[in-house]
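**Student:** Residue numbering for the sequence shown follows our numbering, starting at 288 and increasing by one per position. Ideal placement from N, C-alpha and C gives every residue a C-beta, glycine not left out.
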Amino acid sequence: MSESLVVCDVAEDLVEKLRKFRFRKETNNAAIIMKIDKDKQLVVLDEEHEGISPDELKDELPERQPRYPLCAAGICLTHSWKLFKRLKLNFTFLGLLAMRLQ
288 MSESLVVCDV AEDLVEKLRK FRFRKETNNA AIIMKIDKDK QLVVLDEEHE
338 GISPDELKDE LPERQPRYPL CAAGICLTHS WKLFKRLKLN FTFLGLLAMR
388 LQ
């Protein structure tokens, strides 16, 4: 008899932003940084960035506070094709670990 354990909910406005982010048409790099509001037990939007490089994103993340970045990045392929992927980054104090979503 297993029941699902809900640790945090996601804020309604963040759900809508994530949906728009997933289906965005822009061709530049972008990022949404999320954090957990301990008092409300909600995942909320912390910051939103357009045209940010991975190095700039790394500098934007606080050193001692957990954040959950979601990135849309373009990858240049041969024959002038460009592929866009959504990445959820697991940020630890040791560095960044990318996990592919799409």
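Between which two residues does the alpha helix (DSSP H) carrying residue 334 extend?
**Tutor:** Unbroken run through residue 334 is the beta strand (DSSP E), 329-337; no alpha helix (DSSP H).
**Student:** For residue 300, report the span of its alpha helix (DSSP H) as first-last.
**Tutor:** Start and end: 299-309.
**Student:** What residues in its chain sit with their C-beta under 7 angstroms from that of residue 335, if we drop five residues either side in the sequence?
**Tutor:** Closer than 7 angstroms at Cβ, skipping near neighbours: 319.
**Student:** Within the chosen definition, does the stretch 353-362 reach the stretch 306-321 through at least 3 CB pairs nearer than 8 angstroms?
**Tutor:** Judged by Cβ distances under 8 angstroms, the stretch 353-362 makes contact with the stretch 306-321, as three or more pairs qualify.
**Student:** What does the alpha-carbon distance come out to for the pair residue 312 and residue 341?
**Tutor:** So the alpha carbons of these two residues sit roughly 20 angstroms apart.
**Student:** Tell me which residue opens and which closes the beta strand (DSSP E) that residue 322 is part of.
**Tutor:** Residues 317-324.
**Student:** I'd like the span of the alpha helix (DSSP H) that includes residue 341, first residue to last.
**Tutor:** Taken as a continuous stretch (DSSP letters only), the alpha helix (DSSP H) holding residue 341 covers 341-347.
**Student:** Does the separation of the CB atoms of residue 345 and residue 333 fall below 9 angstroms?
**Tutor:** No, Cβ-Cβ distance for residue 345 and residue 333 is not below 9 angstroms.
**Student:** Ignore the nearest five residues each way along the sequence and tell me which others in residue 354's own chain have a CB closer than 8 angstroms to its CB.
**Tutor:** Result list for residue 354: 320, 321, 322, 333, 348, 378, in chain order.
**Student:** Looking at C-alpha atoms only, which residue of 314, 294, 302 is the closest neighbour of residue 339?
**Tutor:** Of 314, 294, 302, the residue nearest in Cα terms is 314.
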